[in-house]
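Protein chains in written order, with our numbering: chain V, 5 to 129; chain E, 5 to 129; chain F, 5 to 129; chain S, 5 to 129; chain D, 5 to 129; chain Y, 5 to 129.
Number of protein chains: 6
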Amino acid sequence: MNEPEVGLTTMARFLGATNVDGSRTYLEQLDPELHRYIVEFVYGEVYAGDLLDPKTRALCTVAMLACLGQQLQLGVYVRSASRLGASEEEIREVLRQVAVYAGFPSAWNALATMQRALEDFEETS
Amino acid sequence: MNEPEVGLTTMARFLGATNVDGSRTYLEQLDPELHRYIVEFVYGEVYAGDLLDPKTRALCTVAMLACLGQQLQLGVYVRSASRLGASEEEIREVLRQVAVYAGFPSAWNALATMQRALEDFEETS
Amino acid sequence: MNEPEVGLTTMARFLGATNVDGSRTYLEQLDPELHRYIVEFVYGEVYAGDLLDPKTRALCTVAMLACLGQQLQLGVYVRSASRLGASEEEIREVLRQVAVYAGFPSAWNALATMQRALEDFEETS
Amino acid sequence: MNEPEVGLTTMARFLGATNVDGSRTYLEQLDPELHRYIVEFVYGEVYAGDLLDPKTRALCTVAMLACLGQQLQLGVYVRSASRLGASEEEIREVLRQVAVYAGFPSAWNALATMQRALEDFEETS
Amino acid sequence: MNEPEVGLTTMARFLGATNVDGSRTYLEQLDPELHRYIVEFVYGEVYAGDLLDPKTRALCTVAMLACLGQQLQLGVYVRSASRLGASEEEIREVLRQVAVYAGFPSAWNALATMQRALEDFEETS
Amino acid sequence: MNEPEVGLTTMARFLGATNVDGSRTYLEQLDPELHRYIVEFVYGEVYAGDLLDPKTRALCTVAMLACLGQQLQLGVYVRSASRLGASEEEIREVLRQVAVYAGFPSAWNALATMQRALEDFEETS
Numbered sequence: 005m006n007e008p009e010v011g012l013t014t015m016a017r018f019l020g021a022t023n024v025d026g027s028r029t030y031l032e033q034l035d036p037e038l039h040r041y042i043v044e045f046v047y048g049e050v051y052a053g054d055l056l057d058p059k060t061r062a063l064c065t066v067a068m069l070a071c072l073g074q075q076l077q078l079g080v081y082v083r084s085a086s087r088l089g090a091s092e093e094e095i096r097e098v099l100r101q102v103a104v105y106a107g108f109p110s111a112w113n114a115l116a117t118m119q120r121a122l123e124d125f126e127e128t129s
Numbered sequence: 005m006n007e008p009e010v011g012l013t014t015m016a017r018f019l020g021a022t023n024v025d026g027s028r029t030y031l032e033q034l035d036p037e038l039h040r041y042i043v044e045f046v047y048g049e050v051y052a053g054d055l056l057d058p059k060t061r062a063l064c065t066v067a068m069l070a071c072l073g074q075q076l077q078l079g080v081y082v083r084s085a086s087r088l089g090a091s092e093e094e095i096r097e098v099l100r101q102v103a104v105y106a107g108f109p110s111a112w113n114a115l116a117t118m119q120r121a122l123e124d125f126e127e128t129s
Numbered sequence: 005m006n007e008p009e010v011g012l013t014t015m016a017r018f019l020g021a022t023n024v025d026g027s028r029t030y031l032e033q034l035d036p037e038l039h040r041y042i043v044e045f046v047y048g049e050v051y052a053g054d055l056l057d058p059k060t061r062a063l064c065t066v067a068m069l070a071c072l073g074q075q076l077q078l079g080v081y082v083r084s085a086s087r088l089g090a091s092e093e094e095i096r097e098v099l100r101q102v103a104v105y106a107g108f109p110s111a112w113n114a115l116a117t118m119q120r121a122l123e124d125f126e127e128t129s
Numbered sequence: 005m006n007e008p009e010v011g012l013t014t015m016a017r018f019l020g021a022t023n024v025d026g027s028r029t030y031l032e033q034l035d036p037e038l039h040r041y042i043v044e045f046v047y048g049e050v051y052a053g054d055l056l057d058p059k060t061r062a063l064c065t066v067a068m069l070a071c072l073g074q075q076l077q078l079g080v081y082v083r084s085a086s087r088l089g090a091s092e093e094e095i096r097e098v099l100r101q102v103a104v105y106a107g108f109p110s111a112w113n114a115l116a117t118m119q120r121a122l123e124d125f126e127e128t129s
Numbered sequence: 005m006n007e008p009e010v011g012l013t014t015m016a017r018f019l020g021a022t023n024v025d026g027s028r029t030y031l032e033q034l035d036p037e038l039h040r041y042i043v044e045f046v047y048g049e050v051y052a053g054d055l056l057d058p059k060t061r062a063l064c065t066v067a068m069l070a071c072l073g074q075q076l077q078l079g080v081y082v083r084s085a086s087r088l089g090a091s092e093e094e095i096r097e098v099l100r101q102v103a104v105y106a107g108f109p110s111a112w113n114a115l116a117t118m119q120r121a122l123e124d125f126e127e128t129s
Numbered sequence: 005m006n007e008p009e010v011g012l013t014t015m016a017r018f019l020g021a022t023n024v025d026g027s028r029t030y031l032e033q034l035d036p037e038l039h040r041y042i043v044e045f046v047y048g049e050v051y052a053g054d055l056l057d058p059k060t061r062a063l064c065t066v067a068m069l070a071c072l073g074q075q076l077q078l079g080v081y082v083r084s085a086s087r088l089g090a091s092e093e094e095i096r097e098v099l100r101q102v103a104v105y106a107g108f109p110s111a112w113n114a115l116a117t118m119q120r121a122l123e124d125f126e127e128t129s
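Quick look at the structure:
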């Protein structure tokens, strides 16, 4: 596996450098092993590849989480996509497409999550 | 709603101009109303927006279908993403990420579908 | 696609005439395009068919939403089924059947949503 | 729980009297306990209620199975709905509605299952 | 089906003798039929078998509910597994494994539910 | 992360020493990165913990895969559970319980997969 630093650098790219410590503290108290898997495997390996540009990667994550109805993590990745250059309208286009593949209630719920995530994001940035 | 031609033009962009007639014949015999919804609503409206570039849109569709385990339609959109400029390695990066959000069996099944889809694609193009 | 009025008339039949404006205002601020898709496609096309009687259609929607765990929209359609003539006991029979196909937790959650939806419904009607 | 005969009578109503023995033999060799649960609980209890008319009940089952992507059992209940008086067009209306709640691929797959189920049904009846 | 007492005895084994009355009162007011199915079928039949030891059975239930995202019932079975001898670390091992099969967000949500369930459990015992 | 050997040793424990090479060759040609993630992360980390006994772990995997409808991987883990000491009747008990949480069609499909997996297993061992 990659060096530990790779995970932290990648995490900063996707979650924002100022959010890494807070995320890690939360995950560490939730479960030290899950925390380690997220740093070393999710960010240290899967997200560390540079063949897919980060904005596209974050939009694909938004697409997946909206289809799976995972609202908590969707909010995090709506802000990530925004941070990496996706416009609100691009994120909306992805979420409208969710209606086609996972149904209208999933698209509706995801758009509501997106609105709250971007409001919080603007307030704190 | 948009003019009927919009749906057919958009369908050609994503599925390939030479595949539109075959797809429509299949859908028409499956259900004339579903066929009409796909031409007029899915391609005539949802996919017709030009704010998201087509390659990113197709990769987001790949991400969604892999998470939902819809192998038939996933094969179609792996070829679509490829047609719109996504490299095999970019598609693989999206499908590896599926392991993180929908689990390893979904990623595994999607990669197997991708391999078959790209083999067929190369043989017929 | 059908004339725009078809969607609004159908929406009034399923959601109640007095709820159409409120629903549209909510959807409009959530996403203008999703709002338009729901009026023109969901109600203007899919729900507009008259070959399936409205009560049966609403009960099938209740069945689908309960299996998918979409509680927000389930509450809306429990009231819709009730408005279109389904008795509370008929709705309960559909939700008990959810235990067979989607498992007991889905049936349990859906029955809790039904209770809250019918309480609110009686208070406001 | 109800008397054992209740389950067999209800099973005959939904699956067709001539199919009960074949279904039971299959389930018995699959798992004797699951077989018993299906006769005594699913048909002996859940389906035995007479407050919901059998045609509506079978259409709700079709709606649920299509949303859950359970093609094998969906084929059985498409034939059941047909046997209990649902027209092909009514079944199609339910399955088109699946596109709204569970996405187009689920509706598409369900319509393909419906076609095969009704073809087999006509050949053997 | 088994005698009614079997269900109540089994329910006491998995939910704790002091929780049976409260659970039944809640289920009874939610839906008398669902209540009866849970006592007579779920606990009276499925959970009543003694070929699988109760601790393993409860851990398998934890595994299933975490994959299905059913947080309410997951909390109940985290406490059940704990009551039947599973250590917190054993439950965590099962939930970390959820990341592999149903994705990291499902594992994350389940671990958060577990923490709350065990806190409540310790306070009341 | 753990040493590479840990993953291979753990893989041998769960899949059978004689199946490791075949599995790795298959995964390697499917996707070299997914292969590496499975050896180093899934078996090298998640399955490597020794706080949960291997038989219980394999039965929990069976429970998860049956709920998620992942038949291919379910077959592999039915054989793994069997190899680690679970009797056919114990596996059946877990799969009957799937009916309660994920519905009867999921339990039914899983039992059919189990039968095929154990037949193949006996033939080759």
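Don't be surprised by glycine CBs; every beta carbon is placed ideally from N, CA and C. These figures come from a predicted structure and were not determined experimentally.
Just the chain F side, please: which residues come within less than 8 angstroms of residue i by C-beta, in chain order?
i	result
P109 of chain V	L69, L72, Q74, L76, Q77
D34 of chain D	Per the sequence presented here, residue 34 of chain D reads as Leu, with Asp not at that position. Those are W112, L115, A116, Q119, listed as they occur along chain F.
Among the residues of its own chain, which have a CB less than 6 angstroms from the CB of residue i, if the five just before and after it don't count?
i	result
M15 of chain V	V24, Y47
A103 of chain S	A111
T43 of chain Y	Strictly speaking, residue 43 of chain Y in this sequence is Val, with Thr absent from that position. Once the five neighbours on either side are set aside, the close Cβ partners of V43 of chain Y are G11.
T65 of chain F	Y81
A67 of chain V	V98
G79 of chain Y	T117, A121
Taking Cβ-Cβ distances shorter than 8 angstroms, what residues in chain Y pair up with residue i?
i	result
A106 of chain F	A106, G107
Quick one: which chain D residues come within Cβ less than 9 angstroms of residue i?
i	result
L38 of chain V	R96, L99, R100, A103, F108, A111, W112, L115
State the Cα-Cα distance for the pair residue i and residue j, rounded to the nearest angstrom.
i	j	result
V50 of chain S	L72 of chain S	19 angstroms
T13 of chain S	Q101 of chain F	18 angstroms
N113 of chain E	R28 of chain D	42 angstroms
R61 of chain V	A116 of chain Y	38 angstroms
D124 of chain F	L31 of chain D	21 angstroms
A106 of chain E	A70 of chain V	12 angstroms
L40 of chain E	F108 of chain D	Sequence inspection shows Arg at residue 40 of chain E; the Leu mentioned does not correspond to that position. Each residue's Cα considered, the two are about 38 angstroms apart.
E37 of chain S	D54 of chain D	14 angstroms
Q8 of chain F	F45 of chain F	For the record, residue 8 of chain F in the displayed sequence is Pro; it is not Gln. So the alpha carbons of these two residues sit roughly 10 angstroms apart.
F18 of chain E	P58 of chain V	23 angstroms
T22 of chain Y	Q33 of chain F	60 angstroms
Q77 of chain Y	G26 of chain Y	15 angstroms
E126 of chain S	D35 of chain E	19 angstroms
L56 of chain F	E92 of chain V	39 angstroms
Cβ closer than 7 angstroms: which chain V residues qualify as neighbours of residue i?
i	result
E93 of chain E	L55
Who are the neighbours of residue i on chain S, taking C-beta pairs under 9 angstroms?
i	result
Y51 of chain D	None at all; the shortest Cβ gap to chain S is about 12 angstroms.
If you drop the 5 nearest sequence neighbours on each side, which residues of the same chain put their C-beta closer than 8 angstroms to that of residue i?
i	result
L63 of chain S	A85, A90, E94, I95, V98
Which residues of chain E have a Cβ atom closer than 8 angstroms to the Cβ of residue i, listed in chain order?
i	result
Y41 of chain F	F45, E49, V50
Cβ closer than 7 angstroms: which chain Y residues qualify as neighbours of residue i?
i	result
L63 of chain D	T60, C64
Near residue i, which residues of its chain fall below 7 angstroms by C-beta distance, leaving aside the five closest residues on each side in sequence?
i	result
M118 of chain D	V82, I95, L99
G20 of chain S	R87
Q75 of chain S	N113, T117
Please list the segments of the alpha helix (DSSP H) lying wholly inside the stretch 35 to 109 of chain E, counting only runs of 4 or more residues, in order along the chain.
36 to 41, 58 to 72, 75 to 87, 92 to 106
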